[in-house]
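I have placed the structure first, in the form of structure tokens, so that the comments after it can refer back to it.
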Ligand SMILES: Cc1ncc(COP(=O)(O)O)c(C=O)c1O
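In our numbering, the protein residues as written are 73 to 526.
So this is what it looks like as structure tokens:
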């Protein structure tokens, strides 16, 4: 039985709150988990359970919970100036400083930023920037946008159109015209029979096929995450990105990288673009920009698009009330300072990342596990019915969700994406905590196998 307060929160939440991506009747029968506090890599629920947060919230609390410096930065800025807008030829000090700070840590050439509040609105801003750019260039026919199946870019009308998930399209009559999707470099699912490198360049050429099908003169941009996150931590073979880059250049298609998950140290560098040696024209960021402490996002523009937009004669008729919110900007600045002081931007590519990869790799021995993929502090453990044949369970058995629930009972928050169990712990995770994750995953896999009657 839940205690009285928990029961109260569950009751009012059930009655009045429609959650994201939720089957409401199902949640109503179970009741929400009420998270009340966080410290380091752990969160605590209202019933006193201490859970290791293997997902950093929603891939965002990169510096961990309980950072007083971030709270102080917010308090100080809020006391001095809680809000002012960046319309009408004004700015505020934290916003100007954050723009310059980002320009200093962004890949070379990405020197201007447009601020927003979420990954979704940032992707919509990127889409509009791309269309605006081709209009400025006098090539208005260049408007088609290509993205990938299982790509996740958000829920706005534009960003959901970029997203390559049918269950997010059909109920809303999306995608809009002009949005097209190609396959992804998901070697585990579709790369059978090809070695990694051959599969990587084959998957990249699906972009070329689509450009040729649509006509290069009509294609504005290709949008992609360096590693597809919410699609199931799909890590491309080394041959993939160089080939994508070559194709974008050949056909004069702008390359937009969505770094909402990969940015801010997740793959072992500030940017996934650095990890994969990508030279993007635009770069989208959110989540780790403030470690999730406040909502803030940004689109960074390279010289080609950024300078053209800057030099446009008419006003750039786009912007949000909270674009460049001074409190969120002050927190983002402090977050970047913490990351630099503690070396968090590269920590995932050092000993801790290697420990994470090698300890998780041991789980490949488990009869339920078809593959373990890791890069930096991102991982996916694929659960399968038949290990040798890499055969997944039928979707209606909901093996991933079963495993996720067992994992939480065992004190570890993992996310299930289909039957892939995903981990993205805070970048401050220690070796002992990685061992704790692996011990909990291992127990969870045994319990899941038992629940499946294996
Ligand atoms: C790669 C990527 N882009 C965009 C988004 C959307 O961000 P938001 O939920 O802040 O709108 C997400 C969210 O998970 C994401 O993973």
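Using N, Cα and C, we set each Cβ at its ideal position, and we do this for glycine too.
On a Cα-Cα basis, can you pick out the residue from the options that is closest to residue i?
| i | options | result |
| --- | --- | --- |
| residue 355 | 302, 395 and 293 | 293 |
| residue 317 | 169, 353 and 306 | 353 |
| residue 384 | 201, 437 and 180 | 201 |
| residue 178 | 417, 215, 453 and 138 | 417 |
| residue 517 | 455, 505, 464 and 351 | 455 |
| residue 415 | 400, 284, 337 and 308 | 337 |
| residue 401 | 185, 489 and 491 | 185 |
| residue 500 | 111, 102 and 105 | 111 |
| residue 368 | 457, 278 and 132 | 132 |
| residue 423 | 176, 301, 503 and 83 | 503 |
| residue 430 | 440, 439 and 450 | 450 |
| residue 273 | 315, 237 and 283 | 315 |
| residue 497 | 232, 386, 333 and 349 | 333 |
| residue 439 | 524, 381, 176 and 486 | 524 |
| residue 86 | 206, 75, 93 and 104 | 104 |
| residue 395 | 176, 287 and 164 | 164 |
| residue 212 | 291, 260 and 167 | 291 |
| residue 134 | 427, 341, 349 and 386 | 341 |
| residue 397 | 486, 167 and 83 | 167 |
| residue 347 | 378, 420 and 285 | 420 |
| residue 389 | 77, 88, 372 and 204 | 204 |
| residue 319 | 460, 372, 199 and 277 | 277 |
| residue 509 | 93, 74, 123 and 83 | 123 |
| residue 102 | 173, 79 and 93 | 79 |
| residue 107 | 175, 331 and 81 | 81 |
| residue 371 | 260, 473, 393 and 175 | 175 |
| residue 374 | 183, 136 and 99 | 183 |
| residue 261 | 386, 275 and 408 | 275 |
| residue 136 | 437, 379, 99 and 410 | 410 |
If you count every other CB in all the chains shown that lies within 10 Å of the CB of residue i, and 16 or more means buried, which is it?
| i | result |
| --- | --- |
| residue 289 | exposed |
| residue 156 | exposed |
| residue 406 | buried |
| residue 256 | buried |
| residue 91 | exposed |
| residue 493 | buried |
| residue 244 | exposed |
| residue 412 | exposed |
| residue 214 | buried |
| residue 432 | buried |
| residue 154 | exposed |
| residue 512 | buried |
| residue 382 | exposed |
| residue 171 | buried |
| residue 217 | buried |
| residue 160 | exposed |
| residue 434 | exposed |
| residue 279 | buried |
| residue 297 | buried |
| residue 428 | buried |
| residue 139 | buried |
| residue 84 | exposed |
| residue 281 | exposed |
| residue 463 | exposed |
| residue 94 | exposed |
| residue 238 | exposed |
| residue 491 | buried |
| residue 232 | buried |
| residue 344 | buried |
| residue 591 | No statement about residue 591 is possible, as the shown extent of the chain runs from 73 to 526 and does not include it. |
| residue 495 | buried |
| residue 589 | One cannot answer for residue 589 here, as it falls past the ends of the chain, which runs 73 to 526. |
So residue i and residue j are in contact, right, with Cβ under 8 Å, and what is the actual spacing, rounded?
| i | j | result |
| --- | --- | --- |
| residue 478 | residue 519 | 5 Å |
| residue 150 | residue 399 | 5 Å |
| residue 219 | residue 241 | The Cβ separation is near 12 Å, so there is no contact. |
| residue 236 | residue 196 | Wrong, their Cβ atoms sit about 16 Å apart, outside the cutoff. |
| residue 380 | residue 209 | 7 Å |
**Study point:** Sequence ranges, beta strand (DSSP E) only - wholly within the stretch 117-194, length at least 3
**Key:** Within the stretch 117-194, the complete beta strand (DSSP E) runs of at least 3 residues are 122-125 and 184-188.
Review point. Between the stretch 472-485 and the stretch 443-450, do at least 3 Cβ pairs fall closer than 8 Å?
Key: Because the criterion of three Cβ pairs below 8 Å is not met, the stretch 472-485 and the stretch 443-450 do not touch.
Check your understanding: Counting Cβ pairs closer than 8 Å, one from the stretch 123-135 and one from the stretch 358-376, do we hit at least three?
Key -> Yes, the stretch 123-135 is in contact with the stretch 358-376.
Review point. Does the stretch 189-209 come within contact of the stretch 222-242, defined as at least 3 CB pairs closer than 8 Å?
Key: The stretch 189-209 vs the stretch 222-242: in contact.
Point to revise | alpha helix (DSSP H) runs wholly inside the stretch 403-433, at least 4 long, in chain order | key: Counting only runs of 4 or more, we get 416-419 and 423-433.
Point to revise | Stretch-stretch touch, CB-based, cutoff 8 Å, three pairs: the stretch 467-479 with the stretch 319-334 | key: Contact between the stretch 467-479 and the stretch 319-334 is absent: fewer than three C-beta pairs spanning the two stretches fall below 8 Å.
**Study point:** Contiguous alpha helix (DSSP H) assignments of at least 4 residues, all confined to the stretch 368-395
**Key:** Listed in chain order, they are 375-383.
Review point. If you pair each beta-carbon of the stretch 100-120 with each one of the stretch 140-148, do three or more pairs fall below 8 Å?
Key: Judged by Cβ distances under 8 Å, the stretch 100-120 makes no contact with the stretch 140-148, as fewer than three pairs qualify.
Check your understanding: If you scan the stretch 451-483 from start to end, which runs of the beta strand (DSSP E) of 3 or more residues do you find wholly inside it?
Key -> Counting whole runs of 3 or more residues, the stretch 451-483 contains no beta strand (DSSP E) stretch at all.
Check your understanding: Contact between the stretch 304-317 and the stretch 259-269: three or more CB pairs below 8 Å?
Key -> Segments in contact, yes.
Check your understanding: In the stretch 229-263, which residue ranges form an unbroken beta strand (DSSP E) of at least 3 residues, counting only runs that do not cross its ends?
Key -> Entirely contained in the stretch 229-263, the beta strand (DSSP E) runs reaching 3 residues are, in chain order, 251-254.
Practice item. Could you name each continuous beta strand (DSSP E) segment of 3 residues or more that falls completely within the stretch 291-325, going from the start of the chain to the end? Key: DSSP runs (the beta strand (DSSP E)) wholly in the stretch 291-325: 291-296.
Exercise for review: Tell me the start and end of each unbroken beta strand (DSSP E) in the stretch 490-519 that is at least 3 residues and wholly inside, in chain order.
Suggested key: The qualifying runs are 492-495.
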